[in-house]
Amino acid sequence: MDLLEVADLYEHVSTADVECLNLAPGFQASHVLTGAGVKSDCDEQLLITIPFRQPSKLHSIAFSAPDDGSGPRTVKLFVNQNSMSFEDGARTPTQEIVLTPEQLKGEVIPLRFVKFQNLSFLTLFVEDNQDGTETTTIQKIKLIGVTTKATNVSELKKMPGTDGLSAH
Numbered sequence: 001m002d003l004l005e006v007a008d009l010y011e012h013v014s015t016a017d018v019e020c021l022n023l024a025p026g027f028q029a030s031h032v033l034t035g036a037g038v039k040s041d042c043d044e045q046l047l048i049t050i051p052f053r054q055p056s057k058l059h060s061i062a063f064s065a066p067d068d069g070s071g072p073r074t075v076k077l078f079v080n081q082n083s084m085s086f087e088d089g090a091r092t093p094t095q096e097i098v099l100t101p102e103q104l105k106g107e108v109i110p111l112r113f114v115k116f117q118n119l120s121f122l123t124l125f126v127e128d129n130q131d132g133t134e135t136t137t138i139q140k141i142k143l144i145g146v147t148t149k150a151t152n153v154s155e156l157k158k159m160p161g162t163d164g165l166s167a168h
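Heads up: the sequence shown runs through residues 1 to 168, numbered per my numbering.
Printed below as a string of structure tokens:
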């Protein structure tokens, strides 16, 4: 994969279908991707499901959060799990990230790329936050990768030495 192809996948997310469990009143789930942010309601946990319009390959992720200790700390990433509950957060994730306060300033965090292929849904389980405060705040999550290009049949070329006849 050419690194020049890697880009923010925001335009490939079905933003109207982004879901966030334990979201505080007055916040919209999709705002976690725009910079307007989200905040948890009853405790520090959040369960965010992000659907993609077309299969994608996720290369890395970046988080932005306030520096008041309410930013996420332990984040478990799950591939193509679109109907998870908080109890499912105890399952083995595709990848677990333990964030430092420095990383919450938008630092790009590489993922195990081979585990994030053909991604239709990305679910993030935010288990806790930096200082154990009552609620967690995320200003922005940036998803970096490439879309999986569908095969365009009109671009297929005939193999040299064949005349289009089958070898029956």
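Cβ coordinates follow ideal geometry from the N, Cα and C atoms, glycine included.
These numbers were taken from a predicted model, which means no experiment stands behind them.
**Q.** Sub-8 Å separation of Glu-127 and Thr-94 beta-carbons
**A.** Position 127 of the sequence shown, counted from the first residue, corresponds to residue 127. Position 94 of the sequence shown, counted from the first residue, corresponds to residue 94. No, these two residues do not count as a Cβ contact at 8 Å.
Q) Rounded C-beta distance between Leu-23 and Val-38? I'm assuming under 8 Å. A) By one-based count along the sequence shown, residue 23 stands at place 23. By one-based count along the sequence shown, residue 38 stands at place 38. 6 Å between Cβ atoms; contact.
Q.
Let me confirm a value: Pro-25 is counted as buried when at least 16 other C-beta atoms fall within 10 Å, else exposed. Which label applies?
A. Here residue 25 refers to the residue found at position 25 when the sequence shown is read from its first residue. Exposed is the call here.
Q) Based on the DSSP secondary-structure assignment, which residues constitute the bridge partners of Thr-49? A) Sequence index remark: in the sequence shown, residue 49 carries index 49 (1-based). Partner(s): Glu-19 and Thr-123.
Q: Take every Cβ of the region 108 to 117, pair it with every Cβ of the region 27 to 37, and state whether three or more of those distances are shorter than 8 Å.
A: Contact between the region 108 to 117 and the region 27 to 37 is not established, with fewer than three Cβ pairs separated by less than 8 Å.
Q.
Quick check: the Cα distance between Glu-169 and Pro-66, rounded to an integer number of angstroms?
A. Since the displayed the chain opens at 1 and closes at 168, residue 169 lies outside it and no answer follows.
Q.
For Glu-96, report the span of its beta strand (DSSP E) as first-last.
A. Residue mapping note: residue 96 aligns to position 96 of the sequence shown, counting from 1. Glu-96 -> beta strand (DSSP E) spans 95 to 98.
Q) Where do the N-terminal and C-terminal ends of the beta strand (DSSP E) with Gly-35 fall, by residue? A) The count along the sequence shown starts at 1 and reaches residue 35 at position 35. Premise fails: Gly-35 is in no beta strand (DSSP E) and is neither H nor E.
**Q.** Length of the line joining the Cα atoms of Gln-130 and Gly-71
**A.** Within the sequence shown, the letter at position 130 stands for residue 130. Within the sequence shown, the letter at position 71 stands for residue 71. Approximately 6 Å between the Cα atoms of the pair.
Q: Report yes if the CB atom of Leu-77 is closer than 8 Å to the CB atom of Ile-109, and no otherwise.
A: Here residue 77 is taken as the residue at index 77 of the sequence shown, counted from 1. Here residue 109 is taken as the residue at index 109 of the sequence shown, counted from 1. No, these two residues do not count as a Cβ contact at 8 Å.
Q | Nearest-angstrom Cα separation, counted from Ile-144 out to Ser-60 | A | Numbered from its first residue, the sequence shown carries residue 60 at position 60. Numbered from its first residue, the sequence shown carries residue 144 at position 144. Just so you know, the alpha carbons of Ser-60 and Ile-144 end up roughly 5 Å apart.
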